[in-house]
Amino acid sequence: MKCPFCGQENTRVIDSRPVPDNNSIRRRRQCDECGKRFTTYEKIETIPLVVIKKDQSREQYDRSKIQGGVTRACYKRPISVKKIEELIDDIETEIFNKEEREIPSTLIGEIVMDKLKELDAVAYVRFASVYREFKDIDTFMDELKKMMN
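The opening residue of the sequence shown carries number 1 in full-length UniProt numbering; numbering runs sequentially from there.
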């Protein structure tokens, strides 16, 4: 592993521990040349995943799209960045545990909504209003009534 400070390739691992998501390992390293320390993460390589969009086009799975949607839904809510990251990790774990090479975007959206519903009702309604493309106030109110029951 190259040192990010001096570029030397002689670095050694001084500490390793699993990350709570159980899909990666955190390694603390030290450069033999300059003595500086840095952290790396080793992640399990997963099968390439293709997302089938609503218009039947296909694109490579991109975690940042889920991250963007969840972050927007949680905007100005009392939810820590750590909780959001854990939520996204949970969503990703559920998606990859399906062991499919292709997955519909609608299924991903439903998984995200289920996880958001457990985390924060306002974030859930925000995400659902965009995802389900509420056209009018009646549709929006129907979803709110479902949440109230």
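We put the CB at the ideal spot given by N, CA and C, even for glycine.
None of these values were measured; they are calculated from a predicted model.
Requested in this report: Leaving out five residues on either side along the sequence, give the residues of the same chain with a beta carbon under 7 Å from the beta carbon of residue 140.
Outcome: Against the sequence shown, residue 140 aligns to sequence position 140. 129 and 134, listed in sequence order.
Requested in this report: Please go through the UniProt domain "ATP-cone" (49 to 139) and give each complete alpha helix (DSSP H) segment of 4 or more residues, from N-terminal end onward.
Outcome: 63 to 73, 81 to 97, 105 to 119 and 121 to 131
Query raised in the report: Can the beta-carbon of residue 66 be found less than 8 Å from the beta-carbon of residue 112?
Result: The count along the sequence shown starts at 1 and reaches residue 66 at position 66. The count along the sequence shown starts at 1 and reaches residue 112 at position 112. Contact flag set, yes.
Query - Beta-carbon proximity list for residue 115, same chain, < 7 Å, skipping 5 on both sides - result: For this step, residue 115 is matched to residue 115 along the sequence shown. 87, 90 and 91.
Query raised in the report: Going along the chain, which residues of its own chain have a beta-carbon closer than 7 Å to the beta-carbon of residue 1, five neighbours each way excluded?
Result: On the sequence shown, position 1 is the one that residue 1 refers to. These residues qualify, in order along the chain: 11, 29 and 40.
Query raised in the report: Taking all protein chains shown into account, do 16 or more other C-beta atoms lie within 10 angstroms of the C-beta of residue 5, making it buried, or fewer, making it exposed?
Result: One-based indexing of the sequence shown puts residue 5 at position 5. Under this definition residue 5 is an exposed residue.
Query - residue 121 versus 85, 52 and 143, residue with shortest Cα-Cα distance - result: As a first step, residue 121 must be located in the sequence shown, where it is residue number 121. Checked all of 85, 52 and 143; the closest Cα to residue 121 is 143.
Query - At least 3 beta-carbon pairs within less than 8 Å: the region 48 to 62 vs the region 95 to 107 - result: yes
**Report entry** Beta-bridge pairing of residue 13 - partner residues as DSSP gives them
**Finding:** Locating residue 13 in the sequence shown gives position 13, where the first residue counts as 1. Paired residue(s): 29.
Query raised in the report: According to DSSP, which residues form a beta bridge with residue 157?
Result: Because the chain here runs from 1 to 149, residue 157 falls outside it and cannot be looked at.
Query raised in the report: Cβ atoms of residue 26 and residue 17: under 8 Å apart, would you say?
Result: Counting from one through the sequence shown, the residue named residue 17 turns up at place 17. Counting from one through the sequence shown, the residue named residue 26 turns up at place 26. Yes, Cβ-Cβ distance for residue 17 and residue 26 is below 8 Å.
Query raised in the report: Excluding the five sequence neighbours on either side, which residues of its own chain have a C-beta within less than 7 Å of the C-beta of residue 43, listed in chain order?
Result: As a first step, residue 43 must be located in the sequence shown, where it is residue number 43. Within the same chain, residue 43 has close Cβ partners 23 and 24.
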